[in-house]
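Novice: Start counting the sequence shown at 26; every next residue gets the next number (our numbering).
I'd like to ask some things about the structure below.
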Amino acid sequence: MTITWKGAKAFTKGREGHKVKNIVVHWVGEGNLETAHTWFNRITAKTSAHYGVENTKVYQWVKDEDTAWAVGDWVGNLESISIEHSATPTRPATEQTYLTSAELIRTLCRDFGLPIDKETIRPHKFYKATACPGTIDIDKLISLAKEEPMSANLFDPEKDLPTWLEDSYDLKDKPWYDKRGDFGDLVTVTDQLYQSEQILTRQIETLNETLRISDLRRAELASTVSERDKMITTLTNEINGLKNDVEGFKVDISHIEDDLTGAMAKNIKLLQTIDKLNAKLDNDYSLISWIKTWLKRLTSLFQK
Ligand SMILES: [Zn+2]
């Protein structure tokens, strides 16, 4: 039986000096265990219970040493431990809920040294007028709680064999009866084994939870990696495209360079031709001015 600590808003620290004498049986009446949990944790919560049972699930809202606001009678609250059961008018408690609750009741009665009977285990309506605990069968809970579990952990190894066991099986007639101290040791060992098993079960649960979380993380990482790979592929394709463009531009540039070189060569030839023409023009001018000079002289000679 694994008890999950949940906590509640409404309770009183300690028990004002009172001892635990009773276990009070309730039903949630509507909804389920989660509904009860939500109810006990509203800001305006005015009620609570120590435990709640639904199939194999056991929630604890108030510590055993503290007082739950559960039964509607203050001394009743101070002297009891309240257990909620998941059941409603249309939904009876399951067999598993009965078995789990019986185990819890057995453990609490052992811890508080209480007898498992109708005087100890009471319905809520014992304390006030209420329908609670509805369809929950308290006699059934009591008889299930009385049945010893498969494991021997509920024997008190400090004591001799329980009388019910002696009576049921005529153990006093057995040849080894006087060696029941050894049986006590066996009970201690079995008890320790049972405790180890419980610890191991809890560790296995924790490990399974860890495994489940790490599987989730691994799946998340795998999807992140595949998305990143896709991005890398896309970027690589873009880069390759750009590289091709650059190669194309390089070819274009070399063509333009060739064209420019050709154009410059033509230019130089043109400039040379212009130079030559200029030189010829210069010659022609000097010839013309020489002819002009001589024409002037000849004219002046003819005028004389
Ligand atoms: Zn109740």
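From the three backbone atoms N, C-alpha and C, an ideal C-beta is built for every residue, glycine too.
Given the structure is predicted, the values throughout are model-derived calculations rather than measurements.
1. If we count the other Cβ atoms within 10 Å of its Cβ and call it buried at 16 or more, is residue 185 buried or exposed?
2. At what residue ranges does the region 237-274 contain a whole run of the alpha helix (DSSP H), taking only runs of 4 or more?
3. Do the region 108-118 and the region 148-155 meet, that is, are 3 or more Cβ pairs less than 8 angstroms apart?
4. Among residues of its own chain, excluding the 5 on either side of residue 70, which ones have a beta-carbon nearer than 6 angstroms to its beta-carbon?
5. Who are the Cβ neighbours of residue 181 in its own chain at under 6 angstroms, not counting the five residues just before and after it?
6. Among residues of its own chain, excluding the 5 on either side of residue 80, which ones have a beta-carbon nearer than 8 angstroms to its beta-carbon?
7. Report yes if the C-beta of residue 114 is less than 7 angstroms from at least one heavy atom of ligand 1; otherwise report no.
8. Taking residue 150 as the reference, give the member of 134, 104 and 97 with the closest Cα.
9. Would you identify the three-state DSSP class for residue 50, choosing helix, strand or coil?
10. Taking the alpha helix (DSSP H) that residue 132 belongs to, which residues open and close that run?
11. Within 10 Å of its beta-carbon, does residue 247 have 16 or more other beta-carbons around it, so buried, or fewer, so exposed?
12. Do you know how far the Cα of residue 286 is from the Cα of residue 260?
13. Cβ of residue 92 versus every heavy atom of ligand 1: is any distance shorter than 7 angstroms?
14. For residue 32, tell me which candidate among 164, 50, 101 and 89 has the shortest Cα-Cα distance.
15. With distance defined between alpha-carbon atoms, name the residue in 298, 94 and 170 nearest to residue 135.
16. For residue 152, write down the residues that DSSP places opposite it in a beta bridge.
17. Kindly list the residues whose CB is nearer than 6 angstroms to the CB of residue 40, restricted to its own chain and excluding five residues on each side of it in sequence; keep chain order.
18. Would you mind listing the beta strand (DSSP E) stretches within the region 57-85 that are 3+ residues and don't spill past its ends, in chain order?
19. Look up residue 107 in the DSSP assignment and give the residues it is bridged to.
20. What residue does the alpha helix (DSSP H) around residue 163 start on, and which one ends it?
21. In whole angstroms, what is the alpha-carbon distance linking residue 223 and residue 236?
22. Between residue 229 and residue 143, what straight-line distance do the alpha-carbon atoms span, to the nearest angstrom?
Specialist: According to the structure shown:
1. Unreliable positioning characterises residue 185 in this predicted model, as indicated by a pLDDT of 49, which lies under 50. A coordinate reading is not provided.
2. The region 237-274 contains no whole alpha helix (DSSP H) run of 4 or more residues.
3. As far as the Cβ criterion goes, the region 108-118 does not touch the region 148-155, which means the pair count is below three.
4. So the list reads 34 and 35, once near-sequence residues are dropped.
5. Only weak support exists for where residue 181 lies, its pLDDT of 47 falling under 50; the coordinates are left without a value.
6. Answer for residue 80: 111, 119, 121, 122 and 125, listed in chain order.
7. No, ligand 1 has no heavy atom inside 7 angstroms of this Cβ.
8. With distances taken between Cα atoms, residue 150 lies closest to 97.
9. If DSSP states are grouped into helix, strand and coil, residue 50 belongs with the strands.
10. The continuous alpha helix (DSSP H) containing residue 132 extends over residues 120-137.
11. Exposed.
12. Taking C-alpha positions only, residue 260 is separated from residue 286 by approximately 39 angstroms.
13. For residue 92, the shortest separation between its Cβ and any heavy atom of ligand 1 does not lie below 7 angstroms.
14. When each option's Cα is compared against that of residue 32, the closest is 89.
15. Checked all of 298, 94 and 170; the closest Cα to residue 135 is 170.
16. Per DSSP, none; premise fails for residue 152.
17. Once the five neighbours on either side are set aside, the close Cβ partners of residue 40 are 92 and 103.
18. Residue ranges of uninterrupted beta strand (DSSP E) with 3 or more members, entirely inside the region 57-85 and ordered along the chain, are 76-79 and 82-85.
19. BP columns for residue 107 point to 49.
20. In the DSSP annotation of this structure, the continuous segment of the alpha helix (DSSP H) that includes residue 163 starts and ends at 163-171.
21. Roughly 20 angstroms between the two C-alpha positions.
22. Distance from the CA atom of residue 229 to the CA atom of residue 143, rounded to whole angstroms, is 38 angstroms.
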